[in-house]
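Working notes, beginning with the structure itself.
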Amino acid sequence: MLLARVPSPLHPIAEHAPTQYRMETAESPTAIPAPFSCHSTASRVVKGEDVLYIHPLAIATQPPSMLYMVCDGHSGSEAANYVAANFVRVLNSFLPARGPSMNGPKDMEVFAEVVRQAIVETFVRLDNDWIAVGHMSGTTVTATVAIGYLLTVANIGDSSAVLDTGCSILELTGSHRIQSNQDEQARLRAAGCQLAPLGFHLQGPARQGELGVGPLRLWPGGLCVSRSVGDLDAGPEVVPLPHIRQVMVPSSGARVVICSDGVWDLMSLSKAVKLCRFKATTGATGALMAAVSRDLRLLVGAAGPGQRGRRQPARTHRPPFPTACRTAVLPCRTCRTNQIALYKGYMENGMPRASSAVADVASDTTNHSNHSAQSCEPALKAGPEYDSPVLAFGSAPLPGSREPSPVAAGGAT
1 MLLARVPSPL HPIAEHAPTQ YRMETAESPT AIPAPFSCHS TASRVVKGED VLYIHPLAIA
61 TQPPSMLYMV CDGHSGSEAA NYVAANFVRV LNSFLPARGP SMNGPKDMEV FAEVVRQAIV
121 ETFVRLDNDW IAVGHMSGTT VTATVAIGYL LTVANIGDSS AVLDTGCSIL ELTGSHRIQS
181 NQDEQARLRA AGCQLAPLGF HLQGPARQGE LGVGPLRLWP GGLCVSRSVG DLDAGPEVVP
241 LPHIRQVMVP SSGARVVICS DGVWDLMSLS KAVKLCRFKA TTGATGALMA AVSRDLRLLV
301 GAAGPGQRGR RQPARTHRPP FPTACRTAVL PCRTCRTNQI ALYKGYMENG MPRASSAVAD
361 VASDTTNHSN HSAQSCEPAL KAGPEYDSPV LAFGSAPLPG SREPSPVAAG GAT
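Going by UniProt numbering, the letters in the sequence shown line up with residues 1 to 413, in that order.
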């Protein structure tokens, strides 16, 4: 679990963009408070397949740019460790040496697109390099890149990230869990893939007409997600192309929480945020982990642990992926005259656009992370083999905030 803070609730971009974008402002760059000034982490390590990673980036900005990342490995920790060890190096090779010139909104739009392209290139490069190693393990990745007040979140898999504004919640990730993503189901079936739950024999897919156990999986391999790094045995249809969302963070603050699916399977976004909203960042992850442990003990008492089966490799190499993006932008008014266009989504070589919408979570009974509380997945994962990384980061207190929600872009896969 990873938790972080950005200075208090997000303002609409139109309200704070002039200060952030105009060079003629009297506020010097060094006087701007760091949007993400503190972080905390927590995890319950059993199998050791999950990785939390935090590291500064080489791009010259003030305050320094940072990467916050959660990798949820499967079939071993090798892929997750490889991504953590190499992500910053590869990303730095694609990012420009310096931040945007801040001469106007257009500069920020161009820079935001460069960041998106760099992140997509990084995911693809790491996947191809890991496939060349020939190891069977794989990992989901949720990477949060904070460059000044531009927050870019890219993910493959189902480790979700959420932005808490103090009065509402913005989900920053898209779920690639096959069970809940109709677009990904259609893409995989169109490619001739076999989708089925685990059979009652626990050795492979359910037979035709058999109800099976747990969520839909991709066979061979038995993978629950349609996008990941690695997973050599799952076939070339499992791609490393990330869902990306970008938002401008105001100087008044917010908090970002990133958790693996082990947390979101047991609680909704709103419940997680409410548990830690009025706690300091340094104590928020511990509170979430304690709550997950309590829920896990109750769950184990109701349903025993299940097993997952995987088959051996069906391929030896994944072909390279072109990364030209067709962008769609969301215009936002600034200074009553200028407009800034932030990232709304992209379509990658005909890949389907995500259908998920930006969510303002209204109650604990609403789960906008596409991890249904009624699914069988939590029961399958409960038990001794359980990792739940949590990461949080941010800077200023949120209590009592009642500011408008941000104007943000919708995601796409």
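Where is the CB? At the ideal position from N, CA and C, for every residue including glycine.
In this text, all values refer to a predicted model and were calculated from it rather than measured experimentally.
Closer than 8 Å to chain C by CB, residue i
i	result
threonine 61	Checking the listed chains, one finds no chain C in this structure; it contains a single protein chain.
C-alpha distance - residue i paired with residue j, whole-angstrom precision
i	j	result
isoleucine 169	leucine 163	6 Å
glutamate 78	asparagine 103	44 Å
isoleucine 54	methionine 66	7 Å
arginine 277	glycine 166	7 Å
proline 242	proline 197	24 Å
serine 180	glycine 73	20 Å
leucine 202	leucine 218	14 Å
arginine 189	valine 263	29 Å
glycine 253	tyrosine 149	10 Å
alanine 143	valine 247	14 Å
leucine 275	leucine 288	7 Å
isoleucine 178	aspartate 233	17 Å
proline 105	phenylalanine 111	10 Å
threonine 139	arginine 227	9 Å
asparagine 128	histidine 135	12 Å
valine 273	glycine 204	37 Å
arginine 187	valine 249	34 Å
leucine 216	aspartate 265	15 Å
glutamate 109	aspartate 183	28 Å
leucine 269	glycine 286	16 Å
proline 64	aspartate 107	19 Å
tryptophan 130	lysine 271	36 Å
Best match in the options for proximity to residue i [C-alpha to C-alpha]
i	options	result
leucine 151	Val256, Gly199, Ser260	Val256
glutamine 62	Gly99, Leu52, Pro236	Gly99
alanine 80	Phe111, Gly192, Asp231	Asp231
valine 51	Gly286, Ala58, Ile59, Met69	Met69
valine 238	Cys193, Gln208, Leu95, Lys274	Cys193
glutamate 49	Ala143, Gln185, Ile178, Ser260	Ser260
alanine 97	Ala60, Met289, Ala234	Ala60
serine 93	Leu126, Arg187, Pro205	Leu126
glutamate 113	Ser270, Gly204, Leu95, Asp129	Leu95
leucine 91	Leu57, Met108, Glu109, Asp107	Leu57
Cβ-Cβ distance between residue i and residue j below 8 Å
i	j	result
serine 75	serine 175	no
isoleucine 258	alanine 154	no
proline 240	valine 229	yes
valine 115	valine 145	yes
valine 133	cysteine 71	no
isoleucine 156	phenylalanine 123	yes
glutamine 185	leucine 195	yes
glycine 199	alanine 206	yes
Per DSSP, the bridge partner or partners of residue i
i	result
histidine 74	Gly138
valine 239	Arg227
methionine 69	Tyr53, Ala143
arginine 116	DSSP output for arginine 116 lists no bridge partner at all.
leucine 163	Leu170, Val256
glutamine 194	Trp219
glutamine 246	Thr152
arginine 98	Ala60
arginine 177	Val225
valine 110	Bridge partners of valine 110: none, in fact.
proline 205	Leu198
Distance cut-off 7 Å: residue i Cβ against heavy atoms of the ligand ATP
i	result
glutamate 210	Among the components modelled here there is no ligand, and therefore nothing to report on the ligand ATP.
### Query
Three or more beta-carbon pairs under 8 Å between the stretch 203–212 and the stretch 143–162, yes or no?
no
### Task
Say whether the stretch 108–122 touches the stretch 212–231, bearing in mind that this needs 3 or more beta-carbon pairs closer than 8 Å, one atom from each stretch.
no
### Message
Taking 8 Å as the cut-off, does the stretch 76–95 touch the stretch 170–190 (at least 3 CB pairs, one atom from each stretch)?
### Response
no
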